[in-house]
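For the working numbering, add 623 to where a residue sits in the sequence shown, where the first one is 1. For every residue, glycine included, the Cβ atom is placed at its ideal position computed from N, Cα and C. Shown next, in structure tokens, is the structure this report addresses.
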Amino acid sequence: MTVSSASTTFVDRHIGARRQADIDTMLKSVGYDTVESLVDTAVPKDIRQEVALTLQDALSEVEVLAELRKLAAKNKTAVQMIGQGYYDTVTPAVIRRNILESPAWYTAYTPYQPEISQGRLEALLNFQTMVQDLVGLPIANASLLDEATAVAEAVLMMRRANKNKAAHDGKTVIDADVLPQTIAIVKGRAEALGFEVEVADLSQGLPDGDINGIVLQQPGVSGRVFDHAAIIAAAKERGALVTVAADLLSLTLITPPGEQGADIAVGSTQRLGVPLFFGGPHAAYMAVQKGLERSMPGRLVGVSKDNAGTPAYRLALQTREQHIRREKATSNICTAQALLAIVSSMYAVYHGPDGLKAIAETVHSQARTLAASLQGAGLEVLHGSFFDTITVRVPGKAVEIVAAAETKGINLRGIDADTVGISTDETTTPEIVAAVAAVFGAEVADAAEGDAGFALEAAVGRSSDYLQHPVFNTHRSETQLLRYIRKLSDRDLALDRTMIPLGSCTMKLNATAEMEAISWPEFASIHPFAPDSQTEGWRELIDGLEADLAEITGYDQVSIQPNAGSQGELAGLLAIRGYHLSRGDDQRNVCLIPASAHGTNAASAVLAGMKVVVVATAADGTIDHADFQAKIEANKDVLSAIMITYPSTHGVYDADVREICDSVHAAGGQVYVDGANLNALVGLAQPGKFGGDVSHLNLHKTFCIPHGGGGPGVGPVAAKAHLAPFMPGDANKAAHEDGHGVAISASRFGSAGVLPISWAYVKLMGGQGLTEATKSALLAANYIASRLNEFFPVLYTGEGGLVAHECILDLRALTAKTGVTAEDVAKRLIDFGFHAPTLAFPVAGTLMVEPTESEDLVEIDRFIDAMITIRQEIDQVASGDFTVENSPLRNAPHTAAAVVSSDWKREYPREQAAFPVHHLKQDKYFPPVGRIDGAAGDRNLICSCPPIEDFEN
């Protein structure tokens, strides 16, 4: 890997340590002459791929953007009036440029270290408050993945939380007016878990039999606005819980679900300023009645206090619960849609309650005018009470009318041969209404006639206030909002400011050129259910990306539909389940999972209807072979699969991976290779060639989609040919209708909107560049391991004492000697301007470090110097210079207010607190709060915006 100092390719800008002098420095520390010899030692020879990746040669940024322009030009933008849960919207430019397109927001990590995430956490608390106010329920989470999967989560929560003996094991009843993609997702989950789902017209009352819970839609997919109070009361009398999937914008005018007695409200916040994105990413929401919060999936932002008594935000209750509770976790979802939730929350901050209501009234007025116009022309409008969607009967003419509208650049929803749906939105103008009316042969009704008919019934009209908190009533000018956004981003540490050395999460460069295309209208303004004739560019991009990912992984087929890594896991396991069922192996339901695996693995296996059997870990961090063989023998007739992560979560290449795969196959099982650590394999080894049957990948890790402060994520699933018939299907088609399995996400291509990022990354790097990136990641991780081993022993190593792309630093002996914990080190790193490594996973009392290939030697050395300085402070504790309780480690992080206070009584000098290394005196990040009391936040759960006075006090 010899590099010219004059080279200026994208690969040279993506890989941090490209100067030969830097590479030589790192190699000398590790003890190798070349990167190739290091790689040859670290990566087992029997899994190395024999030929180089056959991908297109690397393109320049200019060439990639030109190619993306060509693809974008093949898409056709239209007036999107299909509805069905997706609406056009206006993203205010100040939000688009300063959040959606700002690396200060999109390169941030999930806020597990809350002291350096206060800006994101405040924005997410605004999101929760917005949702709680609009739906009329007291507790909301900080977003879920999409509306359909959010409803599925609600159904599963009702099944967990219903304590009524008669209703607990009853069926789930879904109203026939629920979005069809939602019904498909719920049925798919129910099939794997073995509970009954019935779809019924609940306006006619509840069906017979025991009912665990019901799901209603407000407004329904037909547009109908229905007073749900009576059916909710009837369900409660039968012991059922109630979920309402509700459109938030409509709830500015309509009685919220909570006021009608619903237990759970779910839905999408897409139409609050988030582009259509061809189906995603969009932030779903969930809100619940009190008493259900500890069963709620996803993340919950709460308010606690720091060590100075200042109110401070943190993730509460559910923080990484999969890694603690594993197969007993409430959900397998480990990510959210934080970036999109923040966009929608800022949309509410931007418009305020009056602005949102004005938008809703305009949307409703345009729909009423259109309905009056069509009715005036003698057409039958099916519902007299609606918000934004009207359903019109046109016997035998639906196809003709939809086609005629398309020729005018308008997309309508063809429901069947006799029925058309039309949805208005924020972008609908009187001219559009007139054009739609003309397609039906109607003239636009005058304003008085339009306002006279189709009013919402008084029984469903909203009378309660919402969004009364000052944050939604202060930032009216763009100057105010711009400064508010900047104030919040300044409270955070993101990748644009510092290295984020998180093991397992691969926080690498998210290049600007990769991000460029996602907000182009030709990509961002496409409805997921638009005709194929309008989406040629999108589908060509997706087909190309899927083909490239198949080549990289060695599998035969890839689906990019799963919109998170957890959903990719579920998709892969459901494919395995479908394969066994197709062969009559109904009894195969046991999934072997190593004790070191990602916690989502176990939770996903449970969702796929499997029984988890844990395989022990040997002393060297590999799978315990004796225990593995015993578990194989004990379950050989019922073995469905094994889930392994490769390289392992211990940061090493297990040399026995082929032996593991062969043993499982010999027992009739399938091998699932978790692709979270693919950044250590690309170009060197292919899971589809060394024994894997199926894998999920993380495009928000290896393939450069940014983490966005906790989402978006994309978790494609890749499989061998025999599993292809069971890969994710289209939620708008019956399962197996298209030769595929059940749907995983609401839209056919999941979070398509961010796929141009990964497409661009692969094209910019080419096969050789991707391989060099992997090698560089291995070199960087081994350099850190070799430099820090004498200060913090590296827990596990592989062949030649080497690690893969990450290493685990073991602090347990130091903790036993001094009382200084891994958490103390994590918090002290904030004072050096670093985000902490992964804390306490996969081994408690450790830190897992992953530098990625994107960090240069100067930044890596800055991190190493910080860690060595921290070790010196631990030694000061050991020698008695100060107690651990009074050390800079236990009192970290140090705010500016703390170090300038006249009440400084600590046993170490202020300069050591604030400027532990010299260069910080010129370039210093001060956290906005000190160490946060997590336990107090869980005991006193506050998950909506606190009064401003709390902060003043």
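From the DSSP output, in three-state form, read off residue i for me.
{"i": "residue 1248", "result": "helix"}
{"i": "residue 1558", "result": "helix"}
{"i": "residue 651", "result": "helix"}
{"i": "residue 912", "result": "coil"}
{"i": "residue 643", "result": "helix"}
{"i": "residue 841", "result": "strand"}
{"i": "residue 803", "result": "helix"}
{"i": "residue 613", "result": "Here the chain covers residues 624 to 1576 and nothing more, so residue 613 does not appear."}
{"i": "residue 1108", "result": "helix"}
{"i": "residue 937", "result": "strand"}
{"i": "residue 1319", "result": "strand"}
{"i": "residue 991", "result": "helix"}
{"i": "residue 943", "result": "With a pLDDT of only 47 at residue 943, under 50, the local geometry of the prediction cannot be trusted, and no value is derived from it."}
{"i": "residue 1156", "result": "helix"}
{"i": "residue 1267", "result": "strand"}
{"i": "residue 924", "result": "strand"}
{"i": "residue 701", "result": "coil"}
{"i": "residue 1081", "result": "helix"}
{"i": "residue 721", "result": "helix"}
{"i": "residue 1579", "result": "With the chain covering only 624 through 1576, there is no way to say anything about residue 1579."}
{"i": "residue 671", "result": "strand"}
{"i": "residue 929", "result": "strand"}
{"i": "residue 1117", "result": "coil"}
{"i": "residue 1523", "result": "helix"}
Compare the C-beta of residue i against all C-beta atoms of chain E and say whether one is closer than 8 Å.
{"i": "residue 1248", "result": "In the displayed structure, chain E is absent; only one protein chain is listed."}
Tell me the residue span of the alpha helix (DSSP H) that contains residue i.
{"i": "residue 1484", "result": "1480-1502"}
{"i": "residue 1405", "result": "1378-1411"}
{"i": "residue 1055", "result": "1053-1062"}
{"i": "residue 1452", "result": "1445-1454"}
{"i": "residue 857", "result": "852-860"}
{"i": "residue 692", "result": "684-696"}
Could you please give the first and the last residue of the uninterrupted beta strand (DSSP E) stretch that includes residue i?
{"i": "residue 1234", "result": "1234-1238"}
{"i": "residue 1430", "result": "1430-1433"}
{"i": "residue 1223", "result": "Taken as a continuous stretch (DSSP letters only), residue 1223 belongs to no beta strand (DSSP E), being part of the alpha helix (DSSP H) at 1222-1230."}
{"i": "residue 1341", "result": "1340-1342"}
{"i": "residue 1042", "result": "1042-1046"}
{"i": "residue 890", "result": "887-891"}
{"i": "residue 1036", "result": "1036-1039"}
{"i": "residue 865", "result": "864-869"}
Give me the Cβ distance between residue i and residue j, rounded to the nearest whole Å; I'm assuming they're in contact under 8 Å.
{"i": "residue 899", "j": "residue 1288", "result": "Not a contact, Cβ separation roughly 43 Å."}
{"i": "residue 773", "j": "residue 969", "result": "Contact doesn't hold; Cβ gap of about 21 Å is too wide."}
{"i": "residue 1169", "j": "residue 1380", "result": "Residue 1169 to residue 1380, Cβ: 15 Å. No contact."}
{"i": "residue 1568", "j": "residue 1094", "result": "6 Å"}
{"i": "residue 965", "j": "residue 1332", "result": "7 Å"}
{"i": "residue 1453", "j": "residue 1515", "result": "6 Å"}
{"i": "residue 1586", "j": "residue 1512", "result": "What is shown of the chain runs 624 to 1576, which leaves residue 1586 out entirely."}
{"i": "residue 1378", "j": "residue 1164", "result": "7 Å"}
{"i": "residue 790", "j": "residue 884", "result": "About 16 Å; that fails the 8 Å criterion."}
I'd like to confirm something about residue i: is its beta-carbon nearer than 7 Å to some heavy atom of the ligand MN, or not?
{"i": "residue 777", "result": "Among the components modelled here there is no ligand, and therefore nothing to report on the ligand MN."}
Checking the sheet assignment: what are the DSSP bridge partners for residue i?
{"i": "residue 1012", "result": "1046"}
{"i": "residue 751", "result": "In DSSP, residue 751 forms no bridge with anything."}
{"i": "residue 1536", "result": "None, per the DSSP bridge assignment."}
{"i": "residue 1461", "result": "1471"}
{"i": "residue 1368", "result": "None, per the DSSP bridge assignment."}
{"i": "residue 1417", "result": "1432"}
{"i": "residue 971", "result": "According to DSSP, which records beta bridges pairwise, residue 971 is partnered with nothing at all."}
{"i": "residue 1004", "result": "1015"}
{"i": "residue 834", "result": "794"}
{"i": "residue 738", "result": "In the DSSP output, where bridge partners are listed per residue, residue 738 has none listed."}
{"i": "residue 847", "result": "1009"}
{"i": "residue 638", "result": "Paired residue(s): none; residue 638 is not in a bridge."}
Can you check the region 1163-1217 for any beta strand (DSSP E) of at least 3 residues that lies completely inside it and give the ranges in chain order? Fully enclosed beta strand (DSSP E) runs of 3 or longer: 1180-1182, 1213-1217.
Which residue spans inside the region 1280-1313 form an unbroken alpha helix (DSSP H) run of at least 4? Complete alpha helix (DSSP H) runs here, min 4: 1280-1289.
Report the start-end ranges of each alpha helix (DSSP H) in the region 762-819 that is 4 residues or longer and not cut off at the edges. With a minimum length of 4 residues, the continuous alpha helix (DSSP H) runs that stay inside the region 762-819 are 770-784, 803-816.
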